[in-house]
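Letter 49 of the sequence shown, counting from 1, is numbered 68 in this note's numbering, and no numbers are missing.
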Amino acid sequence: METEPVTYEVTDGYAVITLNRPDKLNAFNEAMHGALIQALERAEQDAAVRALLLTGSGRGFCAGQDLSDRSFPTDGEAPDLGATLERLYNPLVRRLRALPKPVLCAVNGVAAGAGANVALACDIVLAARSARFIQAFCKIGLVPDSGGTYSLPRLVGEARAKALALLGTPVSAEQAEAWGMIWQVHDDADLMPEAQKLCAHLATQPTRALGLIKRAIQESATNDMDAQLDLERDLQREAARSPDYREGVAAFLEKRPPRFTGA
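Shown next, in the form of structure tokens:
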């Protein structure tokens, strides 16, 4: 019996979405793409889910595209990988970035090619000490995709981004943390407990405000100061209308922990 390419579980107010092709290091094929998009849609629409945790099963997070799932046309024409990106990878990255809930990624081993860049598209990235991030595209004559050429320069600077993409040099979890590519490194045995603890915390926070914070920071990459100030004004107006803002102020004045509902 074939296993599901992605598993989905809700616990403590957050969803755990696990890439589940461990025999292929969770490399992407069409079935996994479809299942992952469905899981993200399910989590977005479920009001009881206030944070997401994305991880991989087995000894790796994601090895990128499953090359055995890709074929060359028999007529000698080159495959249209741009169409593949437009149909599969680009919608995935856009959905991760646009989700109005915090998305935490727990990188439990190798994250290569699109696997690395899907991880970097998440909001907070934790990595096991054994994890490696690899821009493997140059090894097979391709260009970094899944947002890699956007996120890498912004996270580590142009010089490092070019070197990583041109050389395909693996980056250790510790180096990724030192460069600001990810948030934190944990011992392998501690990765999932720490990720679960952080997600459980996020699930108790003002979800709508967290989604607006995510949007504001992302849009700052292409806004000038005036546009960003206008965006902050508009988003703050929206946040201040939420019941969680009223609760946060009341809790502060009453010197008690807030009881946010995510509304």
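Beta carbons are placed, not taken as given, at the ideal position from N, Cα and C, and that holds for glycine.
Being a predicted model, the structure only gives us computed values, none of them experimental.
Residue i - DSSP class collapsed to helix/strand/coil
i      : result
Gln203 : strand
Gln215 : helix
Arg256 : helix
Phe279 : coil
Gly77  : coil
Thr37  : strand
Ala82  : coil
Ser191 : strand
Anticipated Cβ contact below 8 Å, residue i with residue j, distance rounded
i      : j      : result
Lys120 : Arg69  : 6 Å
Leu59  : Arg106 : At roughly 16 Å, the Cβ-Cβ gap does not stay under 8 Å, so Leu59 and Arg106 are not in contact.
Ala150 : Asn127 : 7 Å
Leu72  : Leu123 : 5 Å
Ala155 : Gly132 : 5 Å
Gly79  : Leu55  : 16 Å between Cβ atoms; not a contact.
Per-residue burial, residue i [other beta carbons within 10 Å of its own, 16 or more giving buried]
i      : result
Gly75  : buried
Asp99  : exposed
Ile236 : exposed
Asp263 : buried
Gln57  : exposed
Thr226 : buried
Pro24  : buried
Arg252 : exposed
Separation of residue j from residue i, as counted between CA atoms
i      : j      : result
Asp209 : Arg148 : 10 Å
Pro163 : Glu273 : 51 Å
Asp85  : Ala259 : 46 Å
Gly187 : Gly160 : 11 Å
Val112 : Ser165 : 6 Å
Asp245 : Arg256 : 17 Å
Cys157 : Arg265 : 52 Å
Leu5   : Asp31  : The structure shown does not extend to residue 5, since the chain is modelled only from 20 to 282, so the question has no answer here.
Gly230 : Gln194 : 29 Å
Ala228 : Tyr169 : 25 Å
Ser261 : Thr280 : 10 Å
Pro108 : Ala269 : Residue 108 is actually Tyr in this sequence, not Pro. So the alpha carbons of these two residues sit roughly 43 Å apart.
Beta strand (DSSP E) segment containing residue i, residue limits
i      : result
Tyr27  : 25-30
Ile159 : Premise fails: Ile159 is in no beta strand (DSSP E) and is neither H nor E.
Arg151 : 151-153
N- and C-terminal bounds of the alpha helix (DSSP H) containing residue i
i      : result
Ala222 : Where Ala222 is concerned, there is no enclosing alpha helix (DSSP H), given that its DSSP letter is neither H nor E.
Val68  : Here Val68 belongs to no alpha helix (DSSP H), and DSSP marks it neither H nor E.
Tyr264 : 262-272
Leu107 : From DSSP, Leu107 is part of no alpha helix (DSSP H); its letter is neither H nor E.
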